[in-house]
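For the sequence shown, our numbering begins at 157 and goes up steadily by one. Yeah, the Cβ is synthetic: ideal placement off N, Cα and C, and Gly gets one too. Since the model is a prediction, treat every value here as computed from it, not as a measurement.
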Amino acid sequence: MKKRILTGDRTTGKLHLGHYVGSLSQRVALQDEYETFILLADVQALTTHFDNPELINSSILDVAMDNLSVGLDPEKSILIQQSAISSIAELTVFYSMIATVNHLLINPTIKSEARNYGITEEGTESGFDFSKLTYGFLGYPVSQTADITFCNADLVPVGEDQVPHIEYTRKLVRKFNEMYGTNITIPTYKLSPVSRLAGLDGNSKMGKSLGNAIYLSEDADSVNKKVMNALTDTARTSVKIPGNPDVCMAFKYHQIFNKDEVDNVDNMCRNAAIGCVACKRNLAAAINGFLDPIREKRAYYENNIQKVKDIIHFGTDKANEIGNKNLAEIKEKMHVLV
Ligand code: TRP
157 MKKRILTGDR TTGKLHLGHY VGSLSQRVAL QDEYETFILL ADVQALTTHF DNPELINSSI
217 LDVAMDNLSV GLDPEKSILI QQSAISSIAE LTVFYSMIAT VNHLLINPTI KSEARNYGIT
277 EEGTESGFDF SKLTYGFLGY PVSQTADITF CNADLVPVGE DQVPHIEYTR KLVRKFNEMY
337 GTNITIPTYK LSPVSRLAGL DGNSKMGKSL GNAIYLSEDA DSVNKKVMNA LTDTARTSVK
397 IPGNPDVCMA FKYHQIFNKD EVDNVDNMCR NAAIGCVACK RNLAAAINGF LDPIREKRAY
457 YENNIQKVKD IIHFGTDKAN EIGNKNLAEI KEKMHVLV
């Protein structure tokens with residue numbers, strides 16, 4: 157029997173190249189070897205976007221189409237709407253009884269995300285502003301533990317930022333199994349070869365909230381503009397001065413999206429044989445070449461939205477069946493069934 161993958165995305169907007177590099181590419185590559193479950197994490201989206209349910213709702217379809225258009229095959233992988241899986245909600249409650257607040261407060265990903273959303277406060281012992289930190293946000297690694305374990309997933313392909321969550325999941329599930337004698341699978345994670353994509357602006361990460369994202373559904377003109385703004389070697393003030401690709405963000409992207417020409421680009425830059433504008437134009441062409449087949453697939457799904465909904469409904473029904481069965485076993489072990 158094939159081992160099972162579960163991974164997913166918050167439905168807070170369209171996915172970008174950072175998601176592709178950090179996670180989507182890996183799930184597409186693994187879907188033949190593993191039974192693959194992709195979670196459209198709309199409940200987790202609420203932890204930070206509770207005031208924007210319309211965005212979350214439209215993003216469910218967007219994120220589904222992003223996954224399908226990069227090559228996730230609905231014949232092999234299923235798409236699941238998180239809020240429709242009752243076993244995830246129930247498991248979250250059970251896990252929350254043994255999840256300590258202290259353990260959540262020291263999670264580095266929670267802290268850095270809290271910073272992005274203005275929920276931190278300098279000078280306090282915890283580093284958080286407790287009047288803004290919600291119970292749901294602080295506890296989302298608990299519900300993510302339920303996401304991963306409702307179906308006893310073996311493997312979670314993720315980007316680097318998610319590693320603290322998976323390590324947390326492993327600890328929490330171990331504790332739960334020991335306490336109740338359950339046999340919930342302790343998952344492992346797998347990082348992509350490039351687990352974090354830096355922003356073209358020099359930020360250590362590409363992110364929607366950082367304003368430096370190139371979306372998988374973005375049109376060519378807009379990609380061209382964004383690439384033209386990339387941070388290059390600041391010491392190279394003239395085309396005649398040799399450049400240093402090691403400090404150039406455009407070069408980092410050449411390494412990922414223009415592999416065939418990367419040695420040539422490196423050479424030309426160091427020898428002042430190409431200027432930054434021409435070099436960025438080449439990069440934009442490479443990124444657009446990479447995105448073209450993705451755009452084409454997406455256009456198909458956008459014209460067949462009912463198909464996308466059917467795929468989600470099919471996957472969600474299957475996940476509920478599996479989750480309900482597992483939850484019944486867990487409840488029996490916990491003696492909460494009468
Ligand atoms: N937290 C993940 C992110 O922000 C999304 C997610 C939700 C997830 N549930 C998951 C990832 C379960 C892996 C497994 O990208």
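{"Asked": "Examine the ligand TRP and report whether any of its heavy atoms sits within less than 6 angstroms of the Cβ of D377.", "Found": "no"}
{"Asked": "When DSSP labels each residue in this structure, what does L186 get in the three-state scheme?", "Found": "helix"}
{"Asked": "Work out the CA separation of Y336 and A302 for me, nearest whole Å.", "Found": "16 angstroms"}
{"Asked": "Should S179 be labelled buried (16 or more other beta-carbon atoms within 10 Å of its own) or exposed?", "Found": "buried"}
{"Asked": "For L289, collect the residues of the same chain with a Cβ closer than 8 angstroms to its Cβ; drop the 5 residues on either side in sequence, then sort them by chain order.", "Found": "A270, I275"}
{"Asked": "Could you check the C-alpha separation between K381 and G358 for me, to the nearest Å?", "Found": "16 angstroms"}
{"Asked": "What did DSSP end up calling I397 once you bin it into helix, strand or coil?", "Found": "coil"}
{"Asked": "For V403, which option in V395, N414, I397, A391 has the closest C-alpha, if you only look at C-alpha atoms?", "Found": "A391"}
{"Asked": "Of all the options T167, T163, I486, which has the alpha carbon lying nearest to the alpha carbon of V329?", "Found": "I486"}
{"Asked": "For I236, does the three-state DSSP call read helix, strand or coil?", "Found": "strand"}
{"Asked": "Just tell me which of Y324, K331, M362 has its CA closest to the CA of T344.", "Found": "Y324"}
{"Asked": "Can you find the residues in the same chain that come closer than 8 angstroms, C-beta to C-beta, to S268, ignoring five residues on each side of it along the sequence?", "Found": "D317"}
{"Asked": "Whole alpha helix (DSSP H) runs in the region 393–459 with 4 or more residues, listed along the chain?", "Found": "405–413, 418–426, 432–458"}
{"Asked": "Going by DSSP, what residue range makes up the beta strand (DSSP E) through K346?", "Found": "344–347"}
{"Asked": "Do G169 and K364 count as a contact pair if the criterion is CB distance below 7 angstroms?", "Found": "yes"}
{"Asked": "Within 10 angstroms of the Cβ of H491, are there 16 or more other Cβ atoms? Answer buried if so, exposed if not.", "Found": "exposed"}
{"Asked": "For E374, count neighbouring Cβ atoms within 10 angstroms of its own Cβ and tell me buried if that reaches 16, exposed if not.", "Found": "buried"}
{"Asked": "Reducing DSSP to helix, strand and coil, say where E488 ends up.", "Found": "helix"}
{"Asked": "Do three or more CB pairs link the region 282–297 to the region 210–224 at distances below 8 angstroms?", "Found": "no"}
{"Asked": "Given the structure, does I304 come close to the ligand NAD, in the sense that its CB is under 6 angstroms from one of the ligand's heavy atoms?", "Found": "As for the ligand NAD, it is missing from this structure, which binds only the ligand TRP."}
{"Asked": "Here's the rule I'm using: 16 or more other beta-carbon atoms within 10 Å means buried, otherwise exposed. How should N423 be labelled?", "Found": "exposed"}
{"Asked": "Do T163 and the ligand TRP come close, with the Cβ less than 6 angstroms from some heavy atom?", "Found": "yes"}
{"Asked": "Where does the unbroken alpha helix (DSSP H) through P313 begin, and where does it stop?", "Found": "It is not in any alpha helix (DSSP H) - P313 instead sits in the beta strand (DSSP E) that spans 311–314."}
{"Asked": "Give the C-beta separation of V298 and T248 to the nearest angstrom, bearing in mind that I take them to be a contact with Cβ-Cβ under 8 angstroms.", "Found": "6 angstroms"}
{"Asked": "Buried or exposed: which applies to V433, given that a residue is buried once 16 or more other Cβ atoms fall within 10 Å of its Cβ?", "Found": "exposed"}
{"Asked": "Considering only residues of the same chain and omitting the five flanking positions on each side of I241, which have a CB-CB separation below 8 angstroms?", "Found": "F306, T472, A475, N476, G479"}
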